[in-house]
Every structure is written in structure tokens, then in C-alpha cells.
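Peer 1: Numbering (our numbering), first residue to last: 823 to 1732.
We put the beta carbon where it would ideally sit given N, CA and C, even for glycine.
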Ligand code: FUC
């Protein structure tokens, strides 16, 4: 079976930085692998498998659920924000595995009177801060025996009493302070469409499946018995449908049965809607799961015979030349508190009615124009330094020339050609593609798998995890000109501020003036409660990180009306932290206690990440107030912020020159972590009397989370070009800590975070090395990022990291090509955005900019940095000279801009 004819004859995939394609036919029987069967009880013999499993250790058998995921990551994802599909390209039965972003387990978090709870535990504050004799709440940290008191007086020594004390505190949190429920809910599968053509893998020639990132159309095509079969698939945002258009060469050669299937079979019901339309209604099983959904399958097949199966599960097409499948779906989810059971059918009817008014060609054209308008706003090209073109090599072979095979050592990784810079660009473009396909106005925010999920038991429930993952999903949205794709995250903040006010009241007894708080996850139901366990769950600053995204969007867009919508939530968060911060009796600083540094070191007073986040909350609120002219209206809150700000613990440096991850500094990094010589202690559960063994603080300087480095990325950061002596010391300590955090193999997102951090400290080779690692070890055949398992954050974090290497704007300048590695000597980008509402195009030759174009959208001063600026000069778009000054040793060009005008800088490095 070869496709070389197809590839060579018509040069089918000329752009290897924009097309993902494969020539290997996926394994037969994918559709038989029920992802609902989880755990270790069902095994697949590796000998029976022909394609990859790079993600689990070598072994004879794989668990069935893992094996399913490996096959699944050969599929091509399409999506319209709300609905996603994985196009498997299988032959024996084509599988379109479809998701809808509101199909979750659970129901609104309400009490028995239908009052919203935010998932909080009633009166949990009594354990946190304690109650005075008169019933009033005790001041945080003052009442012996409470969580806040115990945390503030924690003893981090290495002796059995101290270890037992800390263990007690953990158990106290886990027994009395986690939410109700203690775990949040789970993202689910929706439906599958199986297409049975009666074909078998053996008979297939010229097989290709491809995804064109420029049009968001996935194509599967092959020859079988002399007939050429072709299926093109896309997910339309304008028409809210998954669409598959099928053709067969010759006359009336298209015969197939389409089955509408679901892994929520227990409650499923199939209906015939019309002669060419069926419906499937179901819900996740279990009485407490209240989401109900409906999917419709409509097939248009002009002049063909169309038959609906007796059970209404199938539509059979015979003697067609072409056919088009339209799959729409909806649930009863209105918002996090309201369900409406009439909605699924009504929405489906509306979608179908509108689809029927258009032809397939119109629907496809509308899709491409909607999608490409966003995708084409920015572009990137980096010239290959290898043998030139990689267009004729399938994408999976570019990552792993020897191919992905089952059961190989997960550390072997790839040997991809380092001259294939287009592969990095392809992965970068894929981040844009996944963003536009996974997050659009009115959809849910991107969860741990974006929207693509093939199992009802996904890792970490595929929630919105905000101690890194959800935020990383959106790091690239503003700089890559996809501002509206971030809207779902901002919409969620409005919900979370409401439910977070309940959590603030129940868990901390802090209420009024919009005070709100949330912890390290949320779900469809906007749970804001602490969940899971003490070490990850007791972390109250997640909401600030989300608000930081609002502030960044403002810096990019300068849209005051948008900022005004979210400013009240900034104030509400300040109201919370003004009451929540406590003075550390040992250091005198204002800190958070109890809290954690996600997710290491256990419950501790004063994680540095918290104080960095609180400081940035205060600063952004002050700035937002002045941008919005709210300084007198909100004077008393702002005065309180100004009073507290200088008392919040600063970034502190330990004796080894590293930033302290906890400001008190008595938990220090164990440099020997990997030698596992941490002393072990036997501790007793204070509630059950059960004994357990516990290691003494195995905190690692190389931990996957870079929590205390937040200040450098994604945080507000320093202006490293203009540091005061004190700032310089701190910045050097940050640099040392970032380098110490290492470049070892870790989760996909951990590598991606490190690319961004290295970019911010201008370490081009370090950033490039991480790019190479991420591509080699954490990239699936379909370019999905691997935690492992598949987790989408690393995809977006990668695109953000590349953008951060090429353009930075957090330091008061538009910094051109700050972190260009030697491996990328020639290239260009267009349409990236800089803070201040500028659009930036850059072309570089031999690592020196040859032309820079700045488009000013709001006017104002442009300060453009590049080390080769001494000979450069500025003109307007028509070539007329523009007045400018040179600053900072001729490395920065400064000029005034007018809104709507473009400026061109040339003459670099002469
Ligand atoms: C955090 C991370 C894990 C994982 C999970 C979803 O808890 O520490 O690695 O990404 O989120």
C-alpha cells in the first residue's frame, strides 16, 4: 500500500507547516474498543497492535483504556468551540467521535432549598478561623486548634513531633475543610457516528488522511476496488454543526450505513425524525446526573436510496454519488444554575432548520471564511535549515522517523530532524487551530482536553484546573490575535465570582462587597470549593490568576468597556484578600495562611506564588481604577489596598541564591531529592488512629510546577533592561531558580511553562532545547500534547512560548526577536500583537530584523527594542520619514503613533 503516487504526482501537501497528514491506515476495530471499560482488567496484546504507544513503559500488555487513547491520538480533531469531533479515518468503520462541551456528570450545586452553594461546605470557616465565645468569627490565625492558627505556627523541623503536627493539619483540612462534594464533576463523551462501507483495510490503496490548518477541513481518502472514496469533515461555528461530505468516483458507488451511537447507552432512546433524519436522546447514567442531551444525524444524498433502520439507530445510503452528513447536538444546560429540558430538542430543531436553508457548498464556504478570518490574522514562517522540504513526509514520521509503535520505552523519544523548523511552526499553528476550534464566544472555556474527550473517565475529570492548566490554555490568545477566543474564560469568571462569594462566606466567613474566592479547579457547575486533598486543594489564589487574564487582555486591547465589566470582580477579590491576609508572626509580612504552593510542600504559611498573585491583584486593581476613573468612587477600598501593598511579603532569596518558594523559608529545597534519602516518619491519623509512613518534606527544586516563578512568567515581571540594584538581585535569583527548575523531561505542560520562562530570561538555547524535548517526547502522532496522557495545555503553552521568543511586550517596549535561537536564522511573522494595542510584523535574515512593521490601533508612543537598532530608521507606510529618538544605547527606537497608521522600520544591523 503506497501513497507515493498521490504525493509526488500532484504535490498534494506543499505546506508542511500547515498540513498534518498520515498515510498509515488506523487499526481495524477502533470502534470496538469501548473506552468506558477502564482500569487494568482488560488487556491488549502488543503483538496484535500495529501502531504506537510511546507513552507507557515497555511491557507486553497495555490496558485497554490506554490503548484506546493511543489509537485515538492518531485521529484528527475538528471543532467549533462548543462541539468537537475526532475524525479517525478508519476503514472498516469510520469513527467520528463527537463531544459537546456541556455534557458533564453532576447537576447545579444547590442545597435542599435550591440555593446555590458553589460546592462549599456549610460553616467550614469554623474549622478555618474558629468561633469566639459570642458566636462571632475569630480573627484569622488567632484561635488555637483551627486550620489558620495551626498553619501559621507550623514547625517545619525534621523530628517526629513536628512531622506529626503537620500531618494533623493535613488531616484536619481533609476532614473538615474540603467542599461538598469533595470532588468536582467529570466531562463526558457525547455521541459517535460510525460509517460502515463494507471496506476492509487490506483492500485499500493510496490512503491519506489530512488536516489543513488553514481551512480547518479534515480529509480522508483512499482507493478501494477501483473507486476513489473521499470524505471531507469540518465543524462549522456559523452553522453549529459537524459536517461530513462523502464522494465516490464513478457512478452511484457510494453505499454505506451511518450509525448514531453513544457510550451513554443505558438511558438512550433513538427516534426517527424524518426520512433522512434520526435523533438520539440520552443522559449520563446515575440519578444525580441531570444533564440531558440530544444529537441529530441528518443525511442529504441526492438521487440515492435512503433508509432508516428499524431501531432508528442507522441511516443506510445506497447508490449515491455523494452524500452529506450533518450532526448537531445540544443539552439542557442553560447556565451553571439552570437546566431546561426543552432546550435539547428545540436547539437541534433550530440548527437543522437553518442548515436546510443552505447548500453544502454554502455551509463549507461560510465555515472556511469564519475560521480563516481568525487563523489568518497572524502567521509565522521559519525557514528550514535541513534538507529543505518535508512536505512529502507524513507528519508522524517527521516527529518519529521510525514510526510510533506499541510498548516502546517512553523515554526513547524521537529523532526528528532538527533542520525541520517547519515542524515547530506546524505545532505552533496547531495551537492556533485548536484555540479557534475549541473556544469561541458562548462555548465553555477550554478544559484539560480542550473539548476533545473519548472517555467517560478522563484523567482529572478533564476539568478546568486553574493552578496552571486552564490559564496556560489561554496564554497565547492575546498575542496571537485571538482575543474573542478568550471570551469563554472571561464569561466563566463572572459565574465564578458569584459562586466564589458563597465559598468565601462558608469557608472563611468573609462576605460582602462582592468578596469572592476560589481554589484550584472549577467544573461545568462552577464549583469554587477546595477539593481533592490538602496539598492541591487548599489554594485560595486561583481566582486572581484568572483576573490577571482580564488585565492582560486590557493591556493588549485597551478596551475600557470590557475592563469595566470585570473590574467589580477585581474589587471583590481585593475585598476577600484584604480580610484574608494575615501577618506572619515570624516574618512580620502579610501572607496567606493556610495555603499551598501548588502542588508541593503541603500546607504552609506564605507560598511565594500567593504573595506574587495578591500583589499583582492589588496593582492591577489600582491601575484599572485609574483607567476607569473610579479612584474617588472606590477611594476607601483603594486606600486599604495602598496600605496593605507594601506589607505583602516580597520575593525573598534563600542562602543558595534561589527565590524562596515559601516566604518563611524554613522549607528549603532538597537538592538530593532524587537520591530519596529523605527521612521517613511513622505518623498517626488523628481521626482514625491509623498509622502511615511519611517522608520529611521531599520538596524539589525541579518540581514540575514553577509556582514561585509566576512573577517571571506569566506574571507581570520585571523590566530586566532597567533594574534597580535591589530588583537586579531578585531578578538574578529568579534566573537562577528558573535554570535550577531544569529542562529534564516532565509533563508536557511543565516543558511548555519552562519554554516561556526561558524566553522571559532571554535564554534562547534553553528555550529551543525545551522545544526539541517537547516535540520529541511529549507530542502525539496527531500533535496533541502528552502530559501524558493527552492534555491540551502543552499545545497552547508551546504556541505561547514560541510567540514569547519572537516578540515580548511586558517590559514597556515592543521587543523584537528577543530570544531567537541559532537554529532559526531566517523567518517572518505577521499580525502578532503587542501590549498597547499594536500589531507587529517582522521579517528576519541571519537573525537580524530586515523589516519591522508596527500597526498602531490606539495611537500612543511606540518603543521598539532590538540590539541591531543603531542604524535603523522609521518611515510611515508610504515611505515618508517619521521623527524618532534612539534610547538605551541605541537599542530602542521611540516614536509617536497615530491610531490606524502603520510604521515601518528598516536598516537594522548595517
Ligand atoms: C495539576 C497538575 C497535574 C495535572 C493536573 C490536571 O494538578 O499538577 O500534573 O496537570 O493538574
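Which residue's Cα is closest to the Cα of residue 1490: 1428, 1465, 1423, 1458?
Peer 2: 1423
Peer 1: DSSP puts residue 1272 in a beta bridge; with which residues?
Peer 2: In the DSSP output, where bridge partners are listed per residue, residue 1272 has 1269.
Peer 1: Taking the alpha-carbon of residue 1127 as reference, which of 992, 1097, 1574, 1565 has the nearest alpha-carbon?
Peer 2: 1097
Peer 1: So if DSSP puts residue 899 in a beta bridge, which residue, or which two residues, is it bridged to?
Peer 2: 908
Peer 1: Looking at the structure shown, is residue 1677 part of a helix, part of a strand, or coil, going by DSSP?
Peer 2: Taken through DSSP and simplified to helix, strand or coil, residue 1677 comes out as strand.
Peer 1: Starting from residue 889 and walking both ways along the alpha helix (DSSP H), at which residues does that stretch end?
Peer 2: 886-894
Peer 1: Please classify residue 1320 as buried or exposed, where buried requires at least 16 neighbouring CB atoms within 10 angstroms.
Peer 2: So residue 1320 ends up on the buried side.
Peer 1: Report the residue from 1578, 1585, 1568, 1586 whose alpha carbon sits nearest the alpha carbon of residue 1598.
Peer 2: 1568
Peer 1: When burial is assigned at 16 or more other CB atoms within 10 Å of the CB, is residue 881 buried or exposed?
Peer 2: With a pLDDT of only 48 at residue 881, under 50, the local geometry of the prediction cannot be trusted, and no value is derived from it.
Peer 1: Quick test of the definition: if touching needs 3 or more C-beta pairs under 8 angstroms, does the stretch 1172-1180 touch the stretch 1203-1211?
Peer 2: no
Peer 1: Is the CB-CB distance between residue 939 and residue 1332 below 7 angstroms?
Peer 2: In terms of Cβ geometry, residue 939 and residue 1332 do not form a close pair [threshold 7 angstroms].
Peer 1: Check whether the Cβ of residue 1291 sits closer than 6 angstroms to any heavy atom of the ligand FUC, and report yes or no.
Peer 2: yes
Peer 1: Identify whether residue 1038 lies in helix, strand or coil by the three-state DSSP scheme.
Peer 2: coil
Peer 1: Residues bridged to residue 777 by DSSP?
Peer 2: The displayed coordinates of the chain run from 823 to 1732. Any statement about residue 777 would go beyond what the structure contains.
Peer 1: Exposed or buried, residue 875, counting other C-beta atoms within 10 Å across all chains shown (16 or more means buried)?
Peer 2: Note that residue 875 has pLDDT 40, beneath the 50 cutoff, so the model's placement of it is unreliable and no number is given.
Peer 1: Quick check: the Cα distance between residue 1045 and residue 1026, rounded to an integer number of angstroms?
Peer 2: About 6 angstroms.
Peer 1: Across the stretch 1649-1658 and the stretch 1293-1302, are there enough close Cβ pairs to call them in contact, namely three or more that are closer than 8 angstroms?
Peer 2: These segments touch.
Peer 1: Less than 6 angstroms between the CB of residue 1287 and some heavy atom of the ligand FUC, yes or no?
Peer 2: yes
Peer 1: Are the Cβ atoms of residue 1428 and residue 1471 separated by less than 7 angstroms?
Peer 2: yes
Peer 1: If you draw a straight line from the C-alpha of residue 1138 to the C-alpha of residue 1131, how long is it?
Peer 2: 7 angstroms
Peer 1: Looking only at its chain, what residues have a beta carbon closer than 7 angstroms to the beta carbon of residue 1341, apart from the 5 residues adjacent to it on each side?
Peer 2: 1350, 1351, 1352, 1353, 1359, 1361, 1362, 1364
Peer 1: Beta carbon of residue 1569: closer than 6 angstroms to some heavy atom of the ligand FUC?
Peer 2: yes
Peer 1: Residue 1722 to residue 1387, Cα distance in whole Å?
Peer 2: 26 angstroms
Peer 1: Output the boundary residues of the alpha helix (DSSP H) element that contains residue 1338.
Peer 2: Segment: none, residue 1338 is in no alpha helix (DSSP H) and carries neither H nor E.
Peer 1: At the level of alpha carbons, what is the spacing between residue 1469 and residue 1357?
Peer 2: 26 angstroms
Peer 1: Does the ligand FAD have a heavy atom nearer than 6 angstroms to the CB of residue 1710?
Peer 2: Looking at this structure, you won't find the ligand FAD anywhere; what it does contain is the ligand FUC.
Peer 1: With a threshold of 8 angstroms, are at least 3 pairs of Cβ atoms found where one atom belongs to the stretch 1077-1097 and the other to the stretch 1150-1157?
Peer 2: Contact between the stretch 1077-1097 and the stretch 1150-1157 is absent, because fewer than three Cβ pairs lie under 8 angstroms.
Peer 1: When you measure from the CB of residue 1297 to every non-hydrogen atom of the ligand FUC, does any distance come out below 6 angstroms?
Peer 2: no
Peer 1: Please report the distance separating the alpha-carbon of residue 886 from that of residue 892.
Peer 2: 10 angstroms
Peer 1: Is the CB-CB distance between residue 1479 and residue 1555 below 7 angstroms?
Peer 2: Taking 7 angstroms as the Cβ cut-off, residue 1479 and residue 1555 qualify as a contacting pair.
Peer 1: Using 8 angstroms for Cβ pairs, my map puts residue 906 next to residue 900. What's the rounded Cβ distance?
Peer 2: 7 angstroms
Peer 1: Assign residue 1686 to one of two classes, buried (16 or more other C-beta atoms within 10 Å of its C-beta) or exposed (fewer than that).
Peer 2: The Cβ neighbour count for residue 1686, taken over all protein chains shown within 10 Å, is at least 16; the residue is labelled buried.
Peer 1: Does the ligand FUC have even one heavy atom less than 6 angstroms from the beta-carbon of residue 1421?
Peer 2: yes
Peer 1: Just to confirm the assignment, what range does the alpha helix (DSSP H) spanning residue 960 have?
Peer 2: Element bounds for residue 960: n/a, residue is neither H nor E.
Peer 1: Check residue 831 in the structure and name its three-state DSSP category.
Peer 2: For residue 831, the predicted model reports a pLDDT of 38, less than 50, meaning its position is unreliable; a value from the coordinates is still stated below. The answer is helix: DSSP assigns residue 831 an H, G or I state.
Peer 1: Between the stretch 1633-1643 and the stretch 1576-1588, can you find at least three pairs of beta-carbon atoms closer than 8 angstroms?
Peer 2: yes
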